[in-house]
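Before any comments, here is the structure.
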Amino acid sequence: MQITRLVISPLLLAATYFAMPFTLAADEETTYQFDGRLEIDGHTVARPQQRIRTNEEQYVITQSESYPTIRLTYSISEAGGNLVNARFLIEQEGDSGWKTLMQPSLQAVLGQSQTITVSDNRSDEDDSADISFTFTVSESG
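All letters in the sequence shown, in the order written, are residues -25 to -1, 1 to 116 by mature numbering (1 follows the signal peptide of the UniProt record, and there is no 0).
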């Protein structure tokens, strides 16, 4: 019979105890006001305006007979100071499911507008589209 001993270092135990409050503080979420405008070929098709918590994912889907169906997924995380990290996934629905058009990730200054543009130039002119998304992230208060 084999006996296994588990020894926990007091230093490791202390480090775990003291690190715990910092971990909990880092998990606290900040809420921001997110205002956006999604345009296809110069026409506004969606205007998401909502409060969004850090690391929360939101999406908007556009459906129109005149334009392709677009899904825009976005999330915000803190970058420090007056900066936030903004992540986006812009997809177009096709015959075989959702096709990723663009997956930008950038830093944005709170209160300032940013614009992301993608041109989907396919061989078939009916399926091509110029997609632009302008957004502003500000402190929610």
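C-beta atoms are modelled at their ideal positions from N, C-alpha and C, and glycine is treated no differently.
Nearest to residue i (by Cα), restricted to the options the options
| i | options | result |
| --- | --- | --- |
| SER24 | GLU31, VAL35, GLU4, LEU64 | A quick correction: the sequence has Gln, not Ser, at residue 24. Looking at the Cα atoms, VAL35 is the closest of the given residues. |
| ARG22 | TYR42, VAL59, GLY11 | GLY11 |
| LEU47 | SER88, GLU4, GLN78 | GLN78 |
| ASP70 | PHE108, TYR49, ARG62, PRO43 | PRO43 |
Residue i in three-state terms, based on DSSP
| i | result |
| --- | --- |
| ASP105 | strand |
| GLY55 | strand |
| GLU40 | coil |
| LEU13 | strand |
| SER50 | strand |
Host beta strand (DSSP E) of residue i (start-end)
| i | result |
| --- | --- |
| GLU32 | 32 to 37 |
| GLN25 | 24 to 28 |
Sheet register partners of residue i (DSSP bridge)
| i | result |
| --- | --- |
| GLN78 | Answer is none; GLN78 lacks a bridge partner. |
| residue 118 | Residue 118 falls outside the range modelled here, since the chain spans only -25 to 116, and no answer is possible. |
| GLN67 | ILE45, LYS74 |
| GLN89 | PHE110 |
With 16 other Cβ atoms within 10 Å as the buried cut-off, status of residue i
| i | result |
| --- | --- |
| GLU66 | buried |
| GLU14 | buried |
| LEU81 | exposed |
| SER39 | exposed |
| SER50 | buried |
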